[in-house]
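Just below is one structure, and these are the notes that go with it.
Here it is in structure tokens:
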């Protein structure tokens with residue numbers, strides 16, 4: 064899985080998926096992004112160094128942009144994966160738990 068993931072993330076297919084996501088109006092699903100008309104980090108609402116984070120790897124290579132992906136800044140992306148690996152959470156559980164630290 065990890066080998067496939069790394070190969071996929073470097074592929075043209077992933078580049079197209081990222082373009083599709085960031086050219087969409089998905090920012091309308093995030094309150095601060097909707098107000099500003101731009102993408103923001105799902106966790107901290109920052110709008111710099113955005114990356115796409117998988118909520119799950121179940122449809123890796125066939126992601127649905129409105130279900131499987133969320134924008135996160137580089138810092139939050141790193142910390143989500145640290146939490147996931149350290150505590151054994153699923154990707155989405157780690158994402159929500161990390162996000163809760165910003166919502167308090």
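Numbering (our numbering), first residue to last: 64 to 167. Every residue gets a Cβ at the ideal spot worked out from N, C-alpha and C, and that includes glycine.
In this structure, the alpha-carbon of residue 148 lies about 28 Å from that of residue 89. Runs of beta strand (DSSP E) with 3 or more residues, each lying fully within the segment 75-104, are absent. Counting only residues of its own chain and dropping the five nearest sequence neighbours on each side, residue 92 has a CB closer than 8 Å to the CB of 129. Using a 10 angstroms sphere on the CB of residue 131, the tally of other CB atoms reaches 16 or more, which defines it as buried. In the structure shown, residue 139 adopts helical secondary structure according to DSSP, grouped into three states.
Taken through DSSP and simplified to helix, strand or coil, residue 154 comes out as helix. Just measuring C-alpha positions, the residue of 98, 145, 74, 102 sitting nearest residue 133 is 102.
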